[in-house]
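Residue numbers (the working numbering): 560 to 614.
For each residue, glycine too, the CB sits at the ideal point set by N, CA and C.
What follows is a short report on a single structure.
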């Protein structure tokens, strides 16, 4: 849980293009998400690769 005004930074997306994002809690019920830069980072340990199979 983030306090109002708190920020969380993460790398999101799929290789080869990922984005660094900053999530800011602006009120008790609202957040803003800002893309900052393109990036590429390895998947975190113990987070499985999502299935690429689709119908």
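* Taking Cβ positions, are residue 585 and residue 591 nearer each other than 8 Å? -> Yes; because the gap between Cβ atoms is below 8 Å, this pair is in contact.
Looking at C-alpha atoms only, which residue of 606, 577, 563 is the closest neighbour of residue 595?
577
Checklist line | Expected contact under 8 Å - CB spacing of residue 574 and residue 599 to nearest Å | finding: 6 Å
Would DSSP call residue 608 helix, strand or coil? DSSP places residue 608 in coil when its eight states are reduced to three.
Among 597, 588, 610, 562, which has the Cα closest to the Cα of residue 572? Nearest in C-alpha terms to residue 572, of all of 597, 588, 610, 562, is 597.
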